[in-house]
Structure formats: C-alpha cells, structure tokens
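Take a look at the structure below.
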Amino acid sequence: MGGCAEEAGPAGGRSAGYGDVVTRPPGSGGIRYEPPADVAEALRVQEELRSRVDLVGPGPAAPATVAGLDVAYAESGDRLAAAVTVLDAATLAVVDEAVSVGRPAFEYVPGLFAFRELPALLAALDRLTVRPELLVCDGHGLAHPRRFGLACHLGLVTGLSAIGVGKTPLVGEWAEPGPERGAWTPLRDSGEVVGRVLRTRDGVRPVFVSVGHRMSLANATRRVLALTPRYRLPETTRTADRLCRRALAAAPA
887 MGGCAEEAGP AGGRSAGYGD VVTRPPGSGG IRYEPPADVA EALRVQEELR SRVDLVGPGP
947 AAPATVAGLD VAYAESGDRL AAAVTVLDAA TLAVVDEAVS VGRPAFEYVP GLFAFRELPA
1007 LLAALDRLTV RPELLVCDGH GLAHPRRFGL ACHLGLVTGL SAIGVGKTPL VGEWAEPGPE
1067 RGAWTPLRDS GEVVGRVLRT RDGVRPVFVS VGHRMSLANA TRRVLALTPR YRLPETTRTA
1127 DRLCRRALAA APA
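If you number the sequence shown the way this note's numbering does, the last residue is 1139 and the count never jumps.
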C-alpha cells in the first residue's frame, strides 16, 4: 500500500500507511470505493448508495469473530491512525489486529466523516489475516442525517454485516431507557426509528445503536450486549481505541 513498510503487531496484525486510495473491498460481495472530489459529490454518493443498504439482515446470530474499528486524530487534525481489532466472539480475546496511519482523506464536514476515515479503515481491514463476520463501528449507521453513516458505508463496501455504536447521538429524539442493563428505547428522527438507545451497564449512560448493513436492529442490540459484559462500550471499540491511540503516538510526526 503506497510502498510503506509493515511490521507485525502483538496479535499478528500489521501496521502501515495508506499511500494509495483503497478501491477494492477487503471482503466479498462489496462495492468499489471511489473517493469523492468535493462535498457535493460526497452528498450525492450518500444519497445514491443508501438505498442499497440491507436494513433487514438479520445478520449473524452467533458470529465467531467480531471486528472493532476506530480512528484517532492528532491534536493538529492533520494526521490519523485507523485501527481494526478482531475478537473471538466467545472469549472477547483479540485474535488479529491491524492499523493504518496517514492523513484525513476528506475535509471536515459534519455528516461526511466516513469520507475522511474510509481509506484508512479499509487499508487496515485489508491487512487482517483473520476475516471478521461482523463489523462494529465507533459511530453511526442508519442514525445519520441522510441514513448513511460510517457503518452503512463500511458494510456496503466490504459486503460484511455492520452496526454502529455511538457514544453520543448524531440525530433523533428518545426517551431515557430504564436504569437496568439491557433496557432500551427507540431512537427516532422525523418519526422514523433509526436506532436504539441502549443501557449496557446498570445506571450508566446509554449508547446509541443503529444498523449499518446486513443486520436487524434487534440482532444489533443483542450483539452489543454480548460485547459489553463489563463496561459501557463494546470490547471491540475499547480494543480498537487503544490500538489506534498507540499507533498514532508511535508514528513519526
């Protein structure tokens, strides 16, 4: 990828930059990723592709492997590190990981974050040696102004089932769920249910779950609860967050 050197990671993953734009999906059944030239084209892409997202699924009922994806930015905002960690779904142990370090691929525009991060995330996914059955994105899927967030775009490009788990909402209104783990309420935007507000720990702030691709909302909720046995955020997000922060700190400025 752009002639960058790779080195083995602690779980057999690899690290590299992404000098070339990634245009081939790391999975099967996906679509070709084409970077937009400007904001107008990016908006058109989201409008055109959202009808191709599978919002029914139901997705894997018992995936063997689940991947977490996250991106860390330098304080200057001109560098980023994308990380993917693959977990054994039964034990939540990391079985593979990969990172990609580079620069944001698109300008900062709310609702168009996927275009900043997709090339780096796809480069990291392409370096995995263990294929995940499900992608869990630190962000949103259907719960997006144009119903096409990062989780939708990643799922469509890779052909993999995907869900979004956001720490804060991007759109919508909701009622506070009950205080117990597993309680949820619908996240609605303009009268449409776009996700669920899910309590993953007793008495702790909820997370915002939405479908990305090839997944039902009910199954997405079950998957998130399975990935949060101890903490508010899924283990997929926690491991990917740590990895991208380490990669960014280790990368030359």
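Each residue gets a CB set at the ideal place from its N, CA and C atoms; glycine is no exception. Here the structure is a predicted model, which is why all the values come from computation and not from measurement.
Please report the distance separating the alpha-carbon of residue i from that of residue j.
i	j	result
A1136	S986	12 Å
L1042	R1087	31 Å
E1066	L1084	10 Å
E1121	T951	12 Å
L998	L1014	26 Å
P1072	P990	33 Å
D940	A1139	40 Å
A928	A1000	10 Å
R1032	E933	7 Å
G1098	S937	12 Å
E961	H1039	26 Å
D1127	T1107	21 Å
V925	E993	8 Å
E1062	W1070	8 Å
Can you give me the Cβ contacts of residue i inside the same chain, cut-off strictly under 6 Å, excluding the 5 residues immediately before and after it?
i	result
H1026	G1035, G1050, G1052, L1056, S1096
L1007	L955, A968
V931	P922
L1113	P1120, E1121, T1122
For residue i, collect the residues of the same chain with a Cβ closer than 7 Å to its Cβ; drop the 5 residues on either side in sequence, then sort them by chain order.
i	result
L1010	It is Ala, not Leu, that sits at residue 1010 in the sequence shown. A968, A969, V970, A984, V985, S986.
A958	L966, A967, C1130, R1131, L1134
L1111	G1068, T1086
E1059	R1074
T1123	G954, D956, V1022, D1024, V1051
V1016	T951, V972, V981, D982
A979	L973
Terminal residues of the continuous beta strand (DSSP E) containing residue i?
i	result
E983	980 to 988
L1020	1020 to 1023
Determine whether the beta carbon atoms of residue i and residue j lie at a separation below 8 Å.
i	j	result
G954	S1047	no
V981	V995	no
D1012	D956	no
G943	R1100	yes
A1037	G1081	no
In its own chain, which residues sit with a C-beta less than 8 Å from the C-beta of residue i, not counting the 5 before and 5 after it?
i	result
R1118	T1086, R1087, V1090, R1091, V1093
A948	A975
G1064	R1085
Please list the terminal residues of the continuous alpha helix (DSSP H) segment that includes residue i.
i	result
L1134	1121 to 1136
F999	999 to 1012
Whole alpha helix (DSSP H) elements within the stretch 1038 to 1114, 4-residue minimum: 1103 to 1112
In chain order, each beta strand (DSSP E) run of at least 3 residues that lies wholly inside the stretch 926 to 977: 951 to 959, 966 to 974
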